[in-house]
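Numbering-wise (our numbering), the sequence shown opens with residue -18 and increments by one.
Ideal Cβ placement from N, Cα and C applies to all residues, glycine included.
Treat the numbers as computed from the prediction; the structure is a model and nothing was measured.
Okay, so here's the structure we're looking at.
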Amino acid sequence: MPSKEARRLVLAFAGPQRVVLYSSLFFLLAGGLVCAFFQSHRALGDLLLDLHSFEVLGVVDSVEVGMRSRRHAPVYCARFHSEDGALVGRSCERGGSFQPGQRVVLERRGGQVARIRGTTLIPIGRVGGLVLLFPLAGAVGLLLVVWTNHRESRAARVGIPILARVTYFGDGKPVSKKGPPPTELRWSFIARGERYEGRLSLDSAFEFDFLPSRDVIVVLYDPAAPGINTVYVP
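Below, the structure written as structure tokens:
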């Protein structure tokens, strides 16, 4: 069983992992709210229509202001239906001059994905699709930090002890412009005739005081995958 100190330093999200975890959650949640506000998910429909679509005739049903701006003309969104009545939708254009009853050309791609030619599904235009990068970056960061922590936690729980040589002990890669850089410990060891490496980053050098030596340390490695390893914390 991992010690109390091991659970705090290895199993928990400590040091830079904690910073990455909080940052990823912020990007995921805040980015998701911004995407919902700007309807950025509709940018995927625009992308599909840009790749392939076919044209049908349609009629504008109503026109509404989709978004106002002090510096630019307002965005107008038109609701429409195809002439055969099988398709309904809504698309937008900055400064659009749609009129109810106006006949228009629709770009369609299967199902109910359609827009008036020359417009976009997303009110703020194609640039609004870039907002999707924020929750995507948050999701990727969250998956990576959870995956890394899971590997370290597994090594701490089921790992086999072995002596390793310290290859670096000092400042790690900064995770914040304001605070000091974390302290990083790197090591290498030989198992099954092959060389493996590992590392651990914590907030400060004082948190590594549990190490009896800065030259040779004990690490725990997963017998099924020695590449999954972590330092032994008594």
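Item, Value
"DSSP-derived helix/strand/coil call for Pro207", "strand"
"Delimiting residues of the alpha helix (DSSP H) encompassing Ser4", "-3 to 19"
"Sheet register partners of Trp168 (DSSP bridge)", "Val147, Gly179"
"Cβ neighbours of Thr100 in the same chain (closer than 8 Å, five flanking residues each side left out)", "Ala59, Ser72, Cys73, Glu74, Gly77"
"Alpha-carbon spacing of Phe7 relative to Gln20, whole angstroms", "19 Å"
"Boundaries (first-last residue) of the alpha helix (DSSP H) holding Ala118", "114 to 139"
"Cβ pair Phe61, Val85 closer than 8 Å", "yes"
"Start and end residues, beta strand (DSSP E) containing Leu87", "84 to 90"
"Contact belief for Ser169 with Ala145 at Cβ below 8 Å, rounded distance in angstroms", "6 Å"
"Proximal residues to Thr148 (C-beta, below 7 Å), its chain only, five neighbours per side dropped", "Arg167, Trp168, Ser169"
"The alpha helix (DSSP H) enclosing Gly26, as first and last residue numbers", "24 to 32"
"Same chain only: Cβ atoms within 7 Å of Arg132, ignoring 5 sequence neighbours per side", "Ile209"
"Rounded separation between Ile141 and Val200 - CA only", "8 Å"
"Beta-carbon contacts of Ser134 that lie in its chain and below 6 Å, excluding the five residues immediately before and after", "Leu(-8)"
"Per DSSP, the bridge partner or partners of Arg71", "Arg60"
"Cβ-based burial, Asp27 [other Cβ within 10 Å; buried from 16]", "buried"
"Extent of the continuous beta strand (DSSP E) run through Ala95", "94 to 97"
"Where the beta strand (DSSP E) through Glu45 begins and ends", "35 to 48"
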